[in-house]
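Structure record follows, encoded as structure tokens.
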Amino acid sequence: MMRQLRVAQSAHGGWRATTPGTGAAVAPRLGCAKTDIRARSGGVRCATPHHQVACPRGGRGLGSPPMSLSRTKLRQRRLQTETYLELSRIHRVMEARVAELLEEAGLGDITPAQAAVLTHLFQEKETPLTARALSRRLSLSEVTVGRFVRALAKKGWVSRTVDPDDARAYLLRPTRKAYRALPKLIGVSNALIDEAFSGFRIRDVQRLHDDLVQIRTNLGAGDED
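Numbering (the working numbering) for the sequence shown: -7 to 217.
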């Protein structure tokens, strides 16, 4: 036997079916807002045949997100996680490749991290940098950068002079030895870049650059040099 039901919106924003006169709830939440609804064998269905096709959720509340949205969010999260892991892998692979290229160029006594320090010092031809300035540019702690600088100074790649404006700080400059090795360092950098961006067009590189800058900005480091 079939019972005629009435659909009313609940206080939670969903929909529920009630028996006329008693107000007793027949189904906790419905996936359809149609008022012509019947209950059969304890189940709830749309009475209009064509509308049954339009309501495939069958019993899901109107306040619940559709399954397709949940799958989309899950796929997005997985892709974000994989992209993060891929960035970490790229960093490790690039460091390993730089170490190989430095060895091939006869610069095996310099680590990839130390080479990055030298690169920043070469870029500041007129204004020597302090360890603090280097740490900001490299996104590393002053302790870590200080360790790199001491190693480079010990090997004769970097000179240190007391900062006249701050006796606690040192001004860092590449030595003559470093400048003699500059062509080799440039060769290492160019070889790495050519390998890494093989097959990329300039607009591809620009888009990748912009996306990476946006990620850095999202993480609160967008104002760093």
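C-beta: ideal position from N, C-alpha, C; glycine also.
Among Leu71, Leu66, Leu79 and Pro104, nearest to Leu184 - alpha-carbon criterion:
Pro104
Hey, Ser127 and Glu134 are a contact pair by Cβ (cut 8 Å); roughly how many whole angstroms apart?
5 Å
Take the Cβ of Ala173 as the centre, count every other Cβ of all protein chains shown within 10 Å, and call the residue buried at 16 or more, exposed below.
buried
Counting contacts by CB-CB distance shorter than 8 Å, is Ala91 in contact with chain B?
Among the chains of the structure shown, chain B does not appear; only one protein chain is present.
Paired residues, beta bridge with Ser151 - DSSP:
Arg165
Every unbroken alpha helix (DSSP H) inside the segment 107 to 162 [4 residues or more]
123 to 130 and 134 to 146
Suppose contacts are defined by Cβ-Cβ distances below 8 Å. Is Leu99 in contact with His112 by that definition?
no
Report the rounded CA-to-CA distance for Ala213 versus Ser131, giving the unit in angstroms.
9 Å
Do you know how far the Cα of Val150 is from the Cα of Phe189?
31 Å
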